[in-house]
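Chains H and C, in that order, are what the protein sequence lines are. In terms of the working numbering, the first sequence is residues 1 to 345. In terms of the working numbering, the second sequence is residues 346 to 690.
2 protein chains.
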Amino acid sequence: MKLTILFGGASFEHEISIVSAITLREKLSSFNLTFVFCDQDHTFYLIEASKMKATTFSRGEYKKMPKLSIANGAFIQKGLFGSTEYDATVLNLIHGADGEDGSIAALLDFFSIKYIGPRMDASVFSYDKRYTKWLSHARGVKSLKHEELSLKEHNNIKTPYPIIVKPSRLGSSIGVSVVKEESELDYALDSAFEFDSSVIVEPFLQGVKEYNLAGFMANKKMHFSIVEEPQKNEFLDFEKKYMDFSRSSQVLKAEISKELESKLKANFEKIYKNMFEGALIRCDFFVVDGEVYLNEINPIPGSMANYLFEDFTNCLEMLSNSLPHAKRARTNYEYIHSISKAKGK
Amino acid sequence: MKLTILFGGASFEHEISIVSAITLREKLSSFNLTFVFCDQDHTFYLIEASKMKATTFSRGEYKKMPKLSIANGAFIQKGLFGSTEYDATVLNLIHGADGEDGSIAALLDFFSIKYIGPRMDASVFSYDKRYTKWLSHARGVKSLKHEELSLKEHNNIKTPYPIIVKPSRLGSSIGVSVVKEESELDYALDSAFEFDSSVIVEPFLQGVKEYNLAGFMANKKMHFSIVEEPQKNEFLDFEKKYMDFSRSSQVLKAEISKELESKLKANFEKIYKNMFEGALIRCDFFVVDGEVYLNEINPIPGSMANYLFEDFTNCLEMLSNSLPHAKRARTNYEYIHSISKAKGK
């Protein structure tokens, strides 16, 4: 299968995306892969597979590689004697801003390039944790009670300690802190507000059971990964999650009852359907007293959560054969014709 | 002031956008205007001001005009001897799909082009009437009770007649019908589902008071238009609204109490703040028993609702001096460096 891996982006998770792409290069070695790098200035570069290593980017060597522009149906490499089109289906592997906020989705849809990844609406509802709450509420999926803070409301927090403080719009635990008592609050808020003008506060549930489940829809059916119980160090901080993005070996299945597994899948499906079609996403859940709560949605999980699937390449093939099409509206200038007629023009 | 008017789009409201642009050409004659047309295939064209008439588009004459590409900071016209950049602030005047669904916003933000219009998130919440309900609920603004239908639930409607049936994602009354009894339902649903796979049903309030209010934020303050009481023909159907888009003379202020005017403004502000910054929007409200209900949000109203403002050109100038910036995240490859070090590479 032909696939273009799009990675990088002007995002705090820029480096994570590079690590994800390098990991998938190995994991998808049976595919015919093209690598397109989006740098922090939003310039696209074609990266040879053999150059897919971290130093190509950290040392700026990518700047010597061919630039690409985006046009209807393809990324284009212009040469002296004509241009080459890269028109394979794109795997959107840009984590965080650009990739997960809906920008890349809008861009690819606008230029009619097929892609694996969340569409624009789905991105907006998963990227901003405030809107994820609205989505889960509307879909009948429980989530923890939360408070929203903007810069000027530092001192009105009603949630009892310990609390968790998160920027509304970042993934990979960037800017997230657990706050056990008031003396730690200022520092936590400073860290969170460094990354976003909106911050959410939730109760921090010590020792809560946490389960991750990935899945996607193909051939009108849901396909699920195994359920993972992530290792915890209070919560996965940035460095831990970062290393997590390079994982490629399968993890152990969580030891949970069939009943709980069904509950997790049912909640996943409520969130996914009529929203995330075209994407392979991971939902992270809490389980409290047997009740399932949505913690967050990762619409482009690190390395596509490949380690949670038994036959990952087959999953990507199925998904890429079930992508939604953006239908363009057409007009026949009927109204302008009728006005022109009425005016005698 | 320099301003690029971007209009057209692959939208059922393509023609409306052309009419809007032609109207604003007159209304903004004191500005230094550039016209960029997006055709139904998403190709951009530079249109000379003198060619801004309906037949340029309906007869396909625009195809002979210079093509533009979009790049960092500007629309670009490539010529034999170099290229010309059109880097003025853009007024996004594409109604319906592309313009109001968030695609154009994402595109302009991605390429760092300043624009007047709703940002991507704001577009998603105003374009889809289902999500507008979530937004108004979260912001404490009343809206009518509704039901959501997908293709297969024709017969489960619980709202008593008369009802109004609308595609979830279109503006300008396209596909909208008032249904007084069950015998009319099938036809109404067919019309609505022709345009969208999701339809919403609301009670139709005969003779309800309807008020339109436009506004925007500039210099950290809200600026409001007069309140208009639209003329009604049950509801404004497509042709009526269409003609409405070419309006340029001021309408009469609705005769309402100061108290109601304040209530309308307070509700508008709840919807606008922390969401629609950068846009001049129009909110359409119902008033029932003195209570204000949000009917819908027009994030790019026809002809920018110029007829509701006393000094429209001044409004656009103020707004264009208060546009939000999309801040790009930067990385310094710190994590990759630290990993490389740990690995001894």
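Just so it is clear, CB atoms sit at the ideal spot from N, CA and C, and this is done for glycine as well.
DSSP links Tyr678 of chain C through a beta bridge to no other residue. In this structure, Met1 of chain H lies away from Ser303 of chain H, with their beta-carbon atoms at least 8 Å apart. For Asn72 of chain H, the nearest CB of chain C lies under 8 Å from its own CB, placing it at the interface with that chain. Contact with chain H is found for His682 of chain C, since one of that chain's Cβ atoms lies less than 8 Å from the residue's Cβ. Within the same chain, Ala355, His359 come within 7 Å of Gln385 of chain C by CB-CB distance, once the 5 residues on both sides are set aside. Short of 6 Å from the beta carbon of Gly418 of chain C, and not among the five residues preceding or following it, lie these beta carbons of its own chain, in chain order: Asp432, Ser457. With respect to chain H, the C-beta atom of Ser536 of chain C has no partner C-beta closer than 8 Å. Close to Thr676 of chain C, with beta-carbon spacing below 9 Å, are these residues of chain H in chain order: Ala10, Ser11, Phe12, Glu13, His14, Glu15, Gln40. At least one beta carbon of chain C lies nearer than 8 Å to the beta carbon of Leu107 of chain H. Scanning its chain for C-beta atoms nearer than 7 Å, with the 5 sequence neighbours on each side dropped, one finds around Gly140 of chain H the residues Lys270, in chain order. Taking 8 Å as the CB threshold, Phe420 of chain C stays off the interface with chain H. Within 8 Å of the CB of Ser403 of chain C, the CB atoms of chain H belong to Tyr333, Ile336, His337, Ser340, in sequence order along the chain. Assignment of alpha helix (DSSP H) within the segment 246 to 287 of chain H, counting only whole runs of 4 or more residues, yields 258 to 272 in chain order. The continuous beta strand (DSSP E) containing Ala214 of chain H extends over residues 209 to 218. Here the alpha carbons of Ile681 of chain C and Ser428 of chain C stand approximately 38 Å from one another. Counting C-beta pairs with one atom in each stretch, the segment 661 to 680 of chain C and the segment 501 to 513 of chain C have fewer than three that are closer than 8 Å, which means they do not touch. Nearest CB-CB separation between Gly302 of chain H and chain C: not below the 8 Å threshold. Under a 10 Å Cβ-count criterion, Glu210 of chain H is classified as buried, with 16 or more other Cβ atoms of the shown protein chains found around its own Cβ.
Ala399 of chain C has its alpha-carbon roughly 20 Å from the corresponding atom of Ile645 of chain C. With at least 16 other beta carbons inside 10 angstroms of its own, Asp128 of chain H counts as buried.
Cβ contact annotation for Val124 of chain H (same chain, cutoff 7 Å, sequence separation greater than five): Gly102, Tyr131, in chain order. Inter-residue distance for Gly353 of chain C and Ala450 of chain C is about 14 Å (C-alpha atoms, whole angstroms). By the Cβ-count criterion, Ala467 of chain C is buried, with 16 or more other Cβ atoms from all chains shown falling within 10 Å of its own Cβ.
The residue among C:Ser570, C:Arg404, C:Val510 with its C-alpha nearest the C-alpha of Glu527 of chain C is C:Val510.
Remark: three or more beta-carbon pairs, one from each stretch, lie closer than 8 Å, so the segment 554 to 570 of chain C and the segment 659 to 675 of chain C are flagged as touching. For Lys598 of chain C and Val632 of chain C, the gap between their C-alpha atoms comes out near 16 Å. Collapsing the DSSP output to three states places His223 of chain H in a strand. Relative to the Cα of Tyr407 of chain C, the nearest Cα in the group C:Met465, C:Lys396, C:Thr368, C:Leu351 belongs to C:Lys396. Nearest neighbour of Ala266 of chain H by Cα position, chosen from H:His223, H:Ser191, H:Glu255, turns out to be H:His223.
When C-alpha distances from Asp443 of chain C are compared across H:Leu108, H:Val292, H:Leu93, H:Val90, the shortest belongs to H:Leu108. Between Ala366 of chain C and chain H, the shortest Cβ-Cβ separation is not below 8 Å. Residue contact with chain C for Arg328 of chain H: present (Cβ-Cβ distance below 8 Å to some residue of chain C).
In the DSSP assignment, Asn295 of chain H falls within the unbroken beta strand (DSSP E) covering 291 to 298. DSSP places Glu529 of chain C within a helical segment (H, G or I) once states are collapsed to three. Within chain H, not a single residue places a beta-carbon under 9 Å from that of Val596 of chain C; the smallest gap is close to 21 Å.
At least 8 Å separates the beta-carbon of Leu413 of chain C from that of Ser365 of chain C.
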